[in-house]
Amino acid sequence: MSRILIVEDEAHLADGLRFNLEAEGYEVALAETGEQGLEMIRDAQPRFDLLVLDVMLPGLDGFEVAVRLRTDGQFLPILMLTARGRPSDVLAGFEAGADDYLPKPFELSILLARLRGLLRRSQWRQTPPAADVFEFAGRRIDFEKLELTAGDRALRLTAMEAGLLRYLIRHQGRTVSRKMILDEVWDVHEDTDTRAIDNFIARLRKHIEDEPARPRYLLTVRGIGYRFVASPE
Ligand code: CA
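For the sequence shown, counting from 1, position 209 maps to 256 in my numbering; every step adds exactly one.
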């Protein structure tokens, strides 16, 4: 049975969620604040399998909770509940280490589908991985471990960085527009400030380029988007 922690300060919403998730056979615990949630995750025996995390909380907000968990080396999947119409929340959530998000208010059936997807993916992650590795120019990206190795330097990628990198690599040699990235990588359909994407690209360049200011692999296609090239001329 999967164990789910819900961090949500609105009691009626938290209770309703618990009722419905228990009806689906999950074991559910509730926390009203981020601080309490962090403590419960640290002390949990056995561990939680998934965290449903509201963004708007008294005290620590959801972003901060996610960052602290990831900093502590806690990698349980996080489904973040964001305010509708705030794509910036979605991007901030992913940046903080969330795995998926759902704008409030949401349909229960959608929440359940997202939870199942996240739990399936994390179970799959615990089984011996099929090689999910891409190598280019002396770099090695392990999408399973979310790890990038370049020479003797290794760093951890966020799920969001890895997702974007994977998408660019899958389309290598072709130009990918900012809108494609929003639609297909992050599932954000509202018009949003595409500078958020540019910030992510800048981070990826720091990871993979020798000279981030003069990229050779992750190229800007002016006015459109980006193109990944594994072996530049
Ligand atoms: Ca709230």
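We put the beta carbon where it would ideally sit given N, CA and C, even for glycine.
A quick note: this is a predicted structure, and the numbers were derived from the prediction, not measured.
Contacts around residue i, its chain only, beta-carbon distance under 7 Å, and the 5 residues preceding and following it disregarded
i    : result
P105 : D56, T80
DSSP-derived helix/strand/coil call for residue i
i    : result
D234 : coil
T118 : helix
S169 : helix
P149 : According to the sequence shown, residue 149 is Leu rather than Pro. Residue state, collapsed to three classes: strand.
V137 : helix
R217 : helix
F181 : strand
M207 : helix
L87  : What sits at residue 87 in the sequence shown is Met, not Leu. M87: helix per DSSP, three-state reduction.
D108 : coil
D101 : strand
A160 : helix
A113 : helix
L128 : strand
A61  : helix
L229 : helix
L123 : coil
E154 : coil
Per-residue burial, residue i [other beta carbons within 10 Å of its own, 16 or more giving buried]
i    : result
D101 : buried
V268 : exposed
D257 : exposed
P176 : In this prediction, P176 scores a pLDDT of 49, lower than 50, which makes its location untrustworthy; no coordinate-derived value is stated.
L162 : buried
R86  : Residue 86 is actually Glu in this sequence, not Arg. E86 comes out exposed.
L212 : buried
L215 : buried
Cβ-based neighbour list, residue i, same chain, cut-off 6 Å, excluding 5 preceding and 5 following
i    : result
Y148 : M127, T129, V137, G140
R50  : E74, F95, D96
I53  : A61, L64, L77, V99
I271 : T222, S224
R252 : P259, P262, L265
Same chain, Cβ closer than 8 Å to residue i, neighbours up to 5 away in sequence not counted
i    : result
Y264 : F183, A184, I255, E256, F275, V276, A277, P279
P124 : D96, L97, L98, D146, D147, L165, L166, R168, S169
D329 : Limits of the chain in this structure are 48 at one end and 280 at the other, which puts residue 329 out of reach.
Paired residues, beta bridge with residue i - DSSP
i    : result
T196 : R187, A201
S224 : G272
E74  : R50
T267 : Y273
is_contact[residue i, chain B] using C-beta, thresh 8 Å
i    : result
A143 : Here chain B cannot be found, since the structure has a single protein chain.
In chain order, what are the residues with a CB under 7 Å from some non-hydrogen atom of ligand 1? E55, D56, E57, D101, M103, L104
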